[in-house]
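First to last, the protein sequences are chains A and B. Numbering that gives the first Met the number 0 applies: residue 0 is where the first sequence begins, and numbers increase by one. Numbering that gives the first Met the number 0 applies: residue 0 is where the second sequence begins, and numbers increase by one.
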Amino acid sequence: MLRRTALAATALLAAGALLLTACTGGGTSPTPSSSAEPDPDASAVIRLVLEPGNLDIRETSGAALDQILVDNIYQGLISRTAEQDIVPALAEDWDVSDDGLTYTFTLREGVTFHDGQELTPQDVVWSMTTRKNTPEWSDSSRLANVATIAADGQDIVLTLTEPDSSLLWNLTGRAGLILKEGDTVDYQTKANGTGPFVLDSWRQGDSITFTRNDAYWGEEAQVAEVVFDYIPDNQAALNAALAGEVDAVTGFDANLKEQIEATGEFSLVTGASTDKGTLAFNQAPGSPLADQRVRQAIRQAIDHDALVEALAAGETQYGPIPSLDPGYEDLSDVAPYDPEAARALLADADAEDLTVELTIPSFYSTTIPQILVSDLNEVGITLEVNSVDFPTWLNDVYTNKDYDLSFVLHTEARDFENWANPDYYFTYDNPEVQDLFAQSLAATDEGEAAALLADAARIVSEDAAADWLYTGASVVAVGTNITGMPSINVNERLNLAELAKSDG
Amino acid sequence: MTRYTLTRLALLLLGLLVSSVLIFLTLRVLPGDIAQLIAGTGSTPEQTEAIRERLGLNQPLPVQYLDWIAGVFRGDLGSSLLTGSSVTSELAEKAQVTVPLGIMSLTIALLFSLPFGVISAMRRGHGSGTALSVGAQALAAVPVVWAGMMLVVVFAVWLGWLPAQGFPRAGWNDPAAAIRSLLLPALTIGIVEGAMLMRFVRSATMQAVGQDYVRTAAAKGLTRNAALIRHGLPNVGLSVVTVLGLQVAGIIVGAVVIEQLFSLPGIGRMLVADVSARDLPKVQGELLVLTGFVLVIGFVVDLVHRMIDPRQREAT
Numbered sequence: 000m001l002r003r004t005a006l007a008a009t010a011l012l013a014a015g016a017l018l019l020t021a022c023t024g025g026g027t028s029p030t031p032s033s034s035a036e037p038d039p040d041a042s043a044v045i046r047l048v049l050e051p052g053n054l055d056i057r058e059t060s061g062a063a064l065d066q067i068l069v070d071n072i073y074q075g076l077i078s079r080t081a082e083q084d085i086v087p088a089l090a091e092d093w094d095v096s097d098d099g100l101t102y103t104f105t106l107r108e109g110v111t112f113h114d115g116q117e118l119t120p121q122d123v124v125w126s127m128t129t130r131k132n133t134p135e136w137s138d139s140s141r142l143a144n145v146a147t148i149a150a151d152g153q154d155i156v157l158t159l160t161e162p163d164s165s166l167l168w169n170l171t172g173r174a175g176l177i178l179k180e181g182d183t184v185d186y187q188t189k190a191n192g193t194g195p196f197v198l199d200s201w202r203q204g205d206s207i208t209f210t211r212n213d214a215y216w217g218e219e220a221q222v223a224e225v226v227f228d229y230i231p232d233n234q235a236a237l238n239a240a241l242a243g244e245v246d247a248v249t250g251f252d253a254n255l256k257e258q259i260e261a262t263g264e265f266s267l268v269t270g271a272s273t274d275k276g277t278l279a280f281n282q283a284p285g286s287p288l289a290d291q292r293v294r295q296a297i298r299q300a301i302d303h304d305a306l307v308e309a310l311a312a313g314e315t316q317y318g319p320i321p322s323l324d325p326g327y328e329d330l331s332d333v334a335p336y337d338p339e340a341a342r343a344l345l346a347d348a349d350a351e352d353l354t355v356e357l358t359i360p361s362f363y364s365t366t367i368p369q370i371l372v373s374d375l376n377e378v379g380i381t382l383e384v385n386s387v388d389f390p391t392w393l394n395d396v397y398t399n400k401d402y403d404l405s406f407v408l409h410t411e412a413r414d415f416e417n418w419a420n421p422d423y424y425f426t427y428d429n430p431e432v433q434d435l436f437a438q439s440l441a442a443t444d445e446g447e448a449a450a451l452l453a454d455a456a457r458i459v460s461e462d463a464a465a466d467w468l469y470t471g472a473s474v475v476a477v478g479t480n481i482t483g484m485p486s487i488n489v490n491e492r493l494n495l496a497e498l499a500k501s502d503g
Numbered sequence: 000m001t002r003y004t005l006t007r008l009a010l011l012l013l014g015l016l017v018s019s020v021l022i023f024l025t026l027r028v029l030p031g032d033i034a035q036l037i038a039g040t041g042s043t044p045e046q047t048e049a050i051r052e053r054l055g056l057n058q059p060l061p062v063q064y065l066d067w068i069a070g071v072f073r074g075d076l077g078s079s080l081l082t083g084s085s086v087t088s089e090l091a092e093k094a095q096v097t098v099p100l101g102i103m104s105l106t107i108a109l110l111f112s113l114p115f116g117v118i119s120a121m122r123r124g125h126g127s128g129t130a131l132s133v134g135a136q137a138l139a140a141v142p143v144v145w146a147g148m149m150l151v152v153v154f155a156v157w158l159g160w161l162p163a164q165g166f167p168r169a170g171w172n173d174p175a176a177a178i179r180s181l182l183l184p185a186l187t188i189g190i191v192e193g194a195m196l197m198r199f200v201r202s203a204t205m206q207a208v209g210q211d212y213v214r215t216a217a218a219k220g221l222t223r224n225a226a227l228i229r230h231g232l233p234n235v236g237l238s239v240v241t242v243l244g245l246q247v248a249g250i251i252v253g254a255v256v257i258e259q260l261f262s263l264p265g266i267g268r269m270l271v272a273d274v275s276a277r278d279l280p281k282v283q284g285e286l287l288v289l290t291g292f293v294l295v296i297g298f299v300v301d302l303v304h305r306m307i308d309p310r311q312r313e314a315t
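What follows is the structure in C-alpha cells.
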C-alpha cells in the first residue's frame, strides 16, 4: 500500500512539474488594474487545506476551527491582530490594575447575535464561568487563575488569585469567546456568534459558506459571501487556481511561485507564522535520547539552512520560541550545523551506530524525513521513518509517549507552557525552566515577562530538549483582484473583515 | 430456481452478518480514538477521558457491537459522533455524487470496451487488432491518479472546457454544471476500468471463436464473423455480466481515489475523512452499506446469470 502510494505520488509530481512548465510557457495576461473598485456583492472563494470535523468551538480542538470561526463568527471581549497586537473587540476598552489582579472590560452596547438576540453582560459572565468550570471545553485551564467573573452595568470585572501575564492573550483565543447564555443552537453543525460573518451552510467534505452579517456592530464586511473550499490535495488546489476556480489559495507550495505568478492572475504572498516544525526527542530514562550529548549531536547534524531552502519558505528557529512571539531571541549559536562536532559528541556518549525511529504524521511533506535521514546518516545515525496517520500519532506519541523522535508542526502561538509541563509528550523536565516560566506568568510588566521567557527558552535550547527544524511561513497565492487577504499566521487565524474583491 | 434463490439469499444475509463483525473489529484495531482528536494537542488526559466517557467509548466492545447491530435491525445504521447526523442521511447526500459518478464511469467503460474488445478479437493477427490490444494493455497499466492528472491538465487547465475539481454548490439543481464536473472524473475511472474490461471482452470473444457451435455455424455456411456475432456474442455477454459485478467494487475503490483527486464531496472522500477522524460509528455504518451493496450486486448477477444461461437453468 505504502509503495503504491509513493509511486502514485511520484508519478503525480512528475506529471505536475512537466505540465506546469508546459502551460506557463505561453504569454502572460496583463495584470488587472489594482485601482478597481471592490464589489460589495462579490463572492470570494478561498482554498483551505484542513476541514474541521465539526464546528463545536466550545470543545473540539484544532486550528481548523479557530482559523475560520474565531473573529469571523465568534468574538471575545478582545482580539488580536495578525501582527499579534491585542485590540478591542466586544469590549470597547479595558483596564488592568497595577497589582495585576483585577481586569475591567467595558462591554459594547447594541451588539446582537446572528439570530437577533442581544448580547448582555450576563452572557459574558456565563460564557467565561462555564468555560472555566467545564474541563471538556478547550482552553478551560487557561482561566485557572481567574477567581471571580462579575458584571457591574456594562463593566465586566475579573479578579485573579495571582497575576497572569498571559491572561489577555488567552482571552483573545478560545478561552475568551462569548456565546449566548442558554443558546439552543446545534453547535456541532451551526453557529451563533457576534462577528462580521454569519455561517450560511456547511457542505461536509466540500465547503463552508459565510455570508455578510448585515446587522454587524462594527464596519460591515466588504464581500457578500466567502466560500471556504476544502481541497486537501495540493495538486488539485493548484489546478483549481490555474483554472480560475478559487480567489486565494492557502498552504501553497512556495516552490511553485513562478508558475502561479506567470498566469498573471495570482501573486504569492509569504507571511510570518508561529508554525513550529518541532522534532521532539523522547528523553525519558532508558531512551537512547536521554543523553543530552546525543540530542545535541542530532541538532548539530541537521543542516537547517538547507532544509529551509528546500521548503522554499520559512526561517530557521533554534529555540522553542518563534520570532512572532514574545521572548524570542536568535539562538543559532546554541546548535550550529557541524557534523564533525556531532560525530565527536556521539563518540563521547558511546552512541555510535545508533538507530532511532521517527514517527511523523503522513500529511507532512516527505522532504522533511528525507533530509533528516540523509543528514543523520552523515554522522552515523540510522533514522527509520514511521509514517502514520494523525490519530495514530496522537495515540502513540502524544498520549502514550511511545516514540524516539517525532515531528509535528505546532501552530499555536505562545505555547511555551508545554516546555514547563513535564507531563507533556516532550518528556522534558527541568525545574529551573518551570520556575522561570512561573515567574514570567506572575510578572506584571510585559517586558519583564518576555525577558524571563527568553531566559527559559535559552535553557530549553541548551538542554537540546528538542530540535526546531524551522518556523513555517504562511504561503498564500492571492488573486490580483483581491485585497485584505491576511498573510500572517493564516493557519491559526484568518480574519476576513477587510477582505474585498473587485471585478478586475 | 426458487430453492436456489432462497439458499443464495440466506448466504447473502449470513455474509452481511459476518461482514458486520469483521468491520466492527477491524475498525477497533486502529490506533487512536476520536476523543483524543477532539481534545487535541493542548489537552490533559482528564479532558480526553471526560470526552470519551460522554461519547460512550468506554463501553465494553460486545455492548457497543450489540447496540449497533440492534440499531441496524431497526433500520438505524448509526450516526456521527462529531456532527450527530445519521449515516443514512449522510450516505444519501454523498450518493448524489458517487452514484452518478459510478454510472457514468461504468457507461464509459462499457461503451468503449465492448466494441473495441470484440473488434480486437475479430481482427487479431491484423495490425489494427494488435494495436487495440496493446493500447488496452498500456491503458490498463496506467495509474488512475496519473490518468486523472492528464485529463485535468488538458481539458481544464489548457482548454478550459471542464472544471478542474469540485462539485457545484447548487448540486443537481444545476444539472449541466453537475454533469460537467463529473465528466473528467468519470472518464478517468471509465478509461482505466474500461481498458481492463476490454481485455476481458477480447479473451471471451476469442474463446467463443474456438467453440464448437461457432464452427458448426460456420460449417453450415455462415461467415466466421457472422457466426461469431450470432452465436458467440450472447456467450460473451454472459461472461461480461459476471465480471461487471466485480467491476462495481472496482469502481467504488476508484471513487475513493478519484474523489480525493478532484475534491468531489462523495462517499469515497467521506469515508477517508471519517476514518481519519476515527468517527467509527459512522465508518462502520457506511462500510456495512457498501459491503451490502457489493453483496447484493453479486446476488443479482448470479440470478441474472442463471436466467440468461439455459445450461445452468436445466442443471437445477
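For every residue, glycine included, the Cβ atom is placed at its ideal position computed from N, Cα and C.
Beta bridge counterpart(s) of residue i as assigned by DSSP
i: N385(A); result: T358(A)
i: L404(A); result: F280(A) and L357(A)
i: V475(A); result: V268(A)
i: R46(A); result: D228(A) and V248(A)
i: K275(A); result: H409(A) and T470(A)
i: I207(A); result: W201(A) and F227(A)
i: P87(A); result: I77(A)
i: S78(B); result: S85(B)
i: I148(A); result: L157(A)
i: F196(A); result: R211(A)
Residue i and residue j closer than 9 angstroms at C-beta
i: G193(B); j: I251(B); result: no
i: P233(B); j: D205(A); result: no
i: D505(A); j: T103(A); result: As shown, chain A starts at 0 and ends at 503. That puts residue 505(A) outside it, with no answer to give.
i: L181(B); j: V96(B); result: yes
i: V475(A); j: T249(A); result: yes
i: L178(A); j: L76(A); result: no
i: L150(B); j: L183(B); result: yes
i: P123(A); j: I155(A); result: In the sequence on display, residue 123(A) carries Val and not Pro. Yes, these two residues count as a Cβ contact at 9 angstroms.
i: V153(B); j: I190(B); result: no
i: T358(A); j: F406(A); result: yes
i: A163(B); j: E244(A); result: yes
i: L47(A); j: F227(A); result: yes
i: Q46(B); j: T398(A); result: no
i: T391(A); j: G31(B); result: yes
i: S104(B); j: V71(B); result: no
i: Q299(A); j: L344(A); result: yes
i: A88(A); j: D502(A); result: no
i: G83(B); j: S137(A); result: no
i: S139(A); j: A174(A); result: yes
Beta-carbon proximity list for residue i, same chain, < 7 angstroms, skipping 5 on both sides
i: R492(A); result: D65, Q66, V69 and D70
i: D352(A); result: G379
i: T315(A); result: H303, D304, V307, S331 and Y469
Cutoff 6 angstroms; reference residue i; Cβ partners in own chain excluding five residues on either side
i: D428(A); result: P421
i: L499(A); result: The sequence shown places Ala at residue 499(A), not Leu. Within the same chain, A499(A) has close Cβ partners P37, Q221, T482 and G483.
i: S439(A); result: A448, L451 and L452
i: G267(B); result: A254, V255 and E258
i: A149(A); result: V156
i: L54(B); result: L80
Cβ-heavy atom distance, residue i to the ligand ATP, below 8 angstroms
i: G326(A); result: In terms of ligand content, the structure shown is empty, and the ligand ATP therefore cannot be addressed.
Own chain residues within Cβ distance below 8 angstroms of residue i, not counting five before or after
i: S88(B); result: none
i: F196(A); result: N71, I72, F209, T210, R211, N212, A220, V225 and L495
field: Sufficient close CB pairs (3 or more, under 8 angstroms) joining the stretch 358 to 370 of chain A to the stretch 329 to 336 of chain A
entry: no
Interface positions of the stretch 23 to 46 of chain B facing chain A (Cβ-Cβ less than 9 angstroms), listed along the chain: L29, P30, G31, D32, I33, Q35, L36, I37, A38, G39, T40, G41, S42, T43, P44, E45 and Q46
query: Do three or more CB pairs link the stretch 369 to 376 of chain A to the stretch 249 to 260 of chain A at distances below 8 angstroms?
result: no
- request: Report the residues of the stretch 373 to 398 of chain A with a CB closer than 9 angstroms to any CB of chain B, ordered along the chain.
  value: V387, D388, F389, P390, T391, W392, L393, N394, D395, Y397 and T398
task: Determine contact between the stretch 287 to 298 of chain A and the stretch 458 to 467 of chain A, defined as no fewer than three beta-carbon pairs at a distance below 8 angstroms.
output: yes
task: Mind checking the stretch 230 to 251 of chain B against chain A and listing, in chain order, the residues whose C-beta falls within less than 8 angstroms of any C-beta there?
output: none
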